[in-house]
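Numbering-wise (this note's numbering), the sequence shown opens with residue 18 and increments by one. All C-beta atoms in this analysis are idealised placements derived from N, C-alpha and C, irrespective of residue type, glycine included.
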Amino acid sequence: MNDKLLIFRWKQLFAVTLAHLIIDMLAGMLPTILPAIQIQFALTVAQGALILGTLNLTCNIVQVLTGHLRSDKKKPLFMHIGFLLAGAICLIALLPRSADSMPAILMLAVVTAIGVAILHPEGMRAIHILRQISAPITTSVFMTGGFVGVSAGMLIAPILVTVFGLEGLYFMLLFPAAGIALIYFLRIKLAVEKPRSIQKTSEKVTLSFWPVMIMAFPTTTATSIICWILPMRLHELGFELTFGGICSMVFSLGGVIGSFFWAKVAGKKGPLFCAIIALVSSVPFLICYQAVIEHRLAIIFLFLAGFGSIAAYPLIATVARYTYGPNLGMRMSLIVGGSWGIASLIQIVTGYFAEDIGMHNILLFSSAGYLISAIVGFIILKHIRSIDGDFSGII
């Protein structure tokens with residue numbers, strides 16, 4: 018293999034990974050700065066949930082709708098447009114500080130969501146063209162970029178807002194500008210799938226996609242609610258805005274490290290079994306964290322919770338790859354966009370009851386989502402072990 022070509026491919030992989038990191042950073046920063054937004058614009062908790070839910074729901078719907086567009090094009094047009102749109106939420110400081118700005122804030126959230134959504138499918142296609150590097154490595158590196166990006170956004174944004182106010186978000190616009198430059202100068206191209214090369218996985222497996230989809234959405238719902246409510250709960254307890262960002266980052270960081278651990282174990286035990294164990298193991302740590310949340314060292318429990326809960330989701334997505342039902346592209350769109358979209362809807366609804374239920378109780382009972390997913394996973398596992406079929410890649 019040409020060493021210079023291999024080095025160049027690695028540079029391209031890191032460029033696409035950084036693009037993923039930047040775009041998820043812009044999407045991930047909102048939960049940790051919501052307390053400041055709610056105070057400055059005199060918004061309720063329900064309105065804050067609506068802003069975040071609108072961003073997440075729009076992002077996932079648009080991702081499902083646009084994932085198959087430009088499938089025969091090699092130039093990453095949507096990646097460039099995605100960067101241009103994703104920074105819209107950083108312009109929130111331009112709005113008048115009153116509740117009357119709520120429609121404009123929602124519009125900025127929608128524009129950001131569209132930018133985030135259209136970049137992801139082309140990002141996945143960009144790493145598939147790097148054939149000189151093995152597919153498991155490119156996928157792992159690319160996905161890690163997203164996890165790190167969310168974590169970084171949760172930390173950097175509240176620091177900027179604390180120091181400079183909402184105007185500090187203008188600095189975040191430097192990142193998408195850098196992303197556009199990376200994609201352009203490293204000549205990123207997209208993989209084009211030929212119809213004849215599409216694998217008919219439905220002829221090889223006997224597990225339907227839909228039970229796996231049902232398993233996914235309680236997990237995504239629990240994670241969405243925790244990432245939304247945790248910074249506000251900590252702010253309610255008197256912690257500074259930046260500490261909420263640090264806690265959210267640590268929760269996501271646990272998922273980053275846990276993903277590598279569980280992926281390695283899944284190579285021997287199977288992704289479905291490991292997803293179940295990871296989900297169950299996260300619940301005691303979440304309960305312990307809630308019990309001692311007023312202490313800063315409780316953050317250790319939060320890391321351990323993320324190590325299992327967040328890391329279980331990529332394993333569920335892996336299982337979905339080896340099921341039958343919609344075609345592969347649609348299955349991936351649904352397991353990503355669909356499951357998180359459902360989570361966004363539930364999050365919006367929960368926001369309207371947050372003040373009556375209490376953020377303490379919402380955070381406590383959110384862990385039930387991981388248990389529900391684990392139970393569904395156990396039922397699936399029990400079913401496939403009782404029948405004959407090709408379940409390679411699942412167990």
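Practice item. Name the two residues that bound the continuous alpha helix (DSSP H) containing residue 312. Key: Within the sequence shown, numbered from 1, the residue matching residue 312 stands at position 295. That residue, residue 312, is in no alpha helix (DSSP H); it is neither H nor E in DSSP.
Check your understanding: Starting from residue 26 and walking both ways along the alpha helix (DSSP H), at which residues does that stretch end?
Key -> Within the sequence shown, residue 26 is the residue found at index 9, counting from 1. Taken as a continuous stretch (DSSP letters only), the alpha helix (DSSP H) holding residue 26 covers 20-45.
Check your understanding: How would you label residue 201, buried or exposed, when you count the other beta carbons within 10 angstroms and need 16 or more for buried?
Key -> Working through the sequence shown from its first residue, we reach residue 201 at position 184. Residue 201 should be labelled exposed.
Check your understanding: According to DSSP, what are the bridge partners of residue 356?
Key -> Reading the sequence shown from its first residue, position 339 is the one you call residue 356. In the DSSP output, where bridge partners are listed per residue, residue 356 has none listed.
Check your understanding: What does a CB cutoff of less than 8 Å around residue 206 pick up in its chain, not counting 5 residues either side in sequence?
Key -> Taking the sequence shown and counting its residues from 1, one reaches residue 206 at position 189. Once the five neighbours on either side are set aside, the close Cβ partners of residue 206 are 91, 92, 93, 143, 146.
Point to revise | Sequence-distant residues of the same chain with beta carbon closer than 7 Å to residue 252, five excluded per side | key: Here residue 252 refers to the residue found at position 235 of the sequence shown. Counting only Cβ-Cβ distances below 7 Å, and skipping sequence neighbours, we find 52, 258, 261.
Check your understanding: For residue 225, which beta-bridge partners are listed by DSSP?
Key -> One-based indexing of the sequence shown puts residue 225 at position 208. 341, per the DSSP bridge assignment.
Exercise for review: Below 6 Å CB to CB, which residues in the same chain sit around residue 238 once its five sequence neighbours on both sides are set aside?
Suggested key: Position 221 of the sequence shown, counted from the first residue, corresponds to residue 238. Same-chain partners within the cutoff: 360, 363, 386.
Check your understanding: Under the criterion of a Cβ to heavy atom distance below 7 Å, does residue 369 qualify as lining the ligand SAM?
Key -> As for the ligand SAM, it is missing from this structure, which has no ligand bound.
Point to revise | Runs of alpha helix (DSSP H) lying entirely within the segment 230-277, each at least 4 residues, in chain order | key: Counting whole runs of 4 or more residues, the segment 230-277 contains no alpha helix (DSSP H) stretch at all.
Exercise for review: Label residue 217 either buried or exposed according to how many other C-beta atoms from any shown protein chain fall within 10 Å of its C-beta, with 16 as the threshold for buried.
Suggested key: Against the sequence shown, residue 217 aligns to sequence position 200. Because the pLDDT of residue 217 is 46, which lies under 50, any placement of that residue in the model is unreliable, and the number read from its coordinates should be weighed accordingly. Its Cβ having fewer than 16 others within 10 Å, residue 217 is exposed.
Practice item. Quick one: residues in its chain with C-beta nearer than 7 Å to the C-beta of residue 89, no 5 flanking neighbours on either side, listed in chain order? Key: Position 72 of the sequence shown, counted from the first residue, corresponds to residue 89. Around residue 89: 209.
Check your understanding: Which of helix, strand or coil does DSSP assign to residue 61?
Key -> Within the sequence shown, numbered from 1, the residue matching residue 61 stands at position 44. It is coil, neither helix nor strand.
Exercise for review: Reducing DSSP to helix, strand and coil, say where residue 93 ends up.
Suggested key: As a first step, residue 93 is located in the sequence shown; it is residue number 76 there, counting from the start. Correct three-state label for residue 93: coil.
Review point. Where does the unbroken alpha helix (DSSP H) through residue 393 begin, and where does it stop?
Key: Here residue 393 refers to the residue found at position 376 when the sequence shown is read from its first residue. Counting along the chain, the alpha helix (DSSP H) containing residue 393 begins and ends at 385-402.
Review point. With residue 190 and residue 104 assumed to form a contact (beta carbons below 8 Å), what rounded beta-carbon distance in angstroms separates them?
Key: For this step, residue 190 is matched to residue 173 along the sequence shown. For this step, residue 104 is matched to residue 87 along the sequence shown. For a cut-off of 8 Å, the C-beta gap from residue 190 to residue 104 is around 5 Å, short enough to register as a contact.
Check your understanding: In angstroms, rounded to a whole number, what distance separates the CA positions of residue 301 and residue 322?
Key -> In the sequence shown, the residue the question calls residue 301 occupies position 284. In the sequence shown, the residue the question calls residue 322 occupies position 305. Cα to Cα, the separation comes out at about 8 Å.
Check your understanding: From residue 393 to residue 343, what does the alpha carbon distance come to, in whole angstroms?
Key -> On the sequence shown, position 376 is the one that residue 393 refers to. On the sequence shown, position 326 is the one that residue 343 refers to. Between residue 393 and residue 343, the C-alpha separation is close to 20 Å.
**Study point:** Cβ-Cβ distance between residue 138 and residue 80 below 8 Å
**Key:** Residue 138 sits at position 121 when you count from the first residue of the sequence shown. Residue 80 sits at position 63 when you count from the first residue of the sequence shown. Against a cut-off of 8 Å, the Cβ pair of residue 80 and residue 138 comes out as a contact.
Exercise for review: Go ahead and label residue 113 buried or exposed: buried means 16 or more other beta carbons lie within 10 angstroms of its beta carbon, across all protein chains shown.
Suggested key: Stepping through the sequence shown from its first residue, residue 113 is reached at position 96. Looking at its Cβ environment, which holds fewer than 16 other Cβ atoms inside 10 Å, residue 113 is exposed.
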